[in-house]
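For reference, the structure is listed below as C-alpha cells.
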Amino acid sequence: MEDFTQVVIHVIRSIPEGKVMSYGQIARVAGNPRAARQVSRILHSMSKKYKLPWHRVINSKGEISLQGEGHASQKWLLEQEGILFDTASKIDLSVYQHRMEEVM
DNA sequence: GCCATGGCTAGTA
DNA sequence: GCCATGGCTAGTA
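Just so you know, we're using numbering that gives the first Met the number 0 here: the first sequence kicks off at 0 and counts up by one.
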C-alpha cells in the first residue's frame with residue numbers, strides 16, 4: 000500500500016466517536032490538499048477490510064455524500080453517536096468537525 | 001478508468 | 001451546475 004493511502008487510513012481511524020471530518024480535510028491533513036477524491040476512493044474500496052469508521056466522513060458542506068440506502072445508514076450511525084442534523088439533513092461543522100494537525 | 005469532492009462562477013430573484 | 005483534480009484497489013490472468 001502506498002504512503003498516502005496509509006496516512007489517510009490512519010487519519011480516518013483517529014476520528015473520535017461523535018465527530019466528523021470532510022474528504023478534503025483528510026486529504027489536507029494527509030499532506031495532499033488536492034486529493035479529496037482519493038479519500039472517497041479509499042473509503043469506497045477499503046472501509047470493510049480495514050474496519051474504518053467510514054460513516055464519520057462527510058463532505059465539506061456538512062452533508063452526507065452517499066446516496067440512497069447508504070445515506071440512511073450513515074445518518075443513523077452518526078445519530079447513534081449523538082450527532083444532530085438540521086432540517087436540511089446537514090451537520091453543523093463548527094460543532095462536530097474534528098480538528099487535527101497535519102500528519103507527517 | 002474509477003471515485004462517497006470541492007470551490008468558484010454565472011445567472012436569477 | 002460545471003469541471004479540474006490525482007493516487008491507485010480489486011480482481012483477473
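We put the beta carbon where it would ideally sit given N, CA and C, even for glycine.
Item to check | Member of 22, 13, 20, 26 whose CA lies at the smallest distance from the CA of residue 2 | outcome: 26
Checklist entry - Taking Cβ to Cβ, would you say residue 17 is nearer than 8 angstroms to residue 82? => result yes
Checklist entry - What does a CB cutoff of less than 7 angstroms around residue 4 pick up in its chain, not counting 5 residues either side in sequence? => result 41
Checklist entry - Among residues of its own chain, excluding the 5 on either side of residue 64, which ones have a beta-carbon nearer than 8 angstroms to its beta-carbon? => result 22, 39, 57, 58
Checklist entry - Counting along the chain, where does the alpha helix (DSSP H) carrying residue 43 start and finish? => result 35-45
Next on the checklist: Along the chain, where does the alpha helix (DSSP H) containing residue 80 start, and where does it finish?
Outcome noted: Note, residue 80: premise wrong, no alpha helix (DSSP H); not H, not E.
Next on the checklist: Can you give me the C-alpha to C-alpha distance between residue 6 and residue 102, rounded to a whole angstrom?
Outcome noted: 8 angstroms
Next on the checklist: Can you look up residue 102 in the DSSP assignment and give me helix, strand or coil?
Outcome noted: coil
Checklist entry - Would you say residue 62 and residue 89 are within 8 angstroms of each other, going by their C-beta atoms? => result yes
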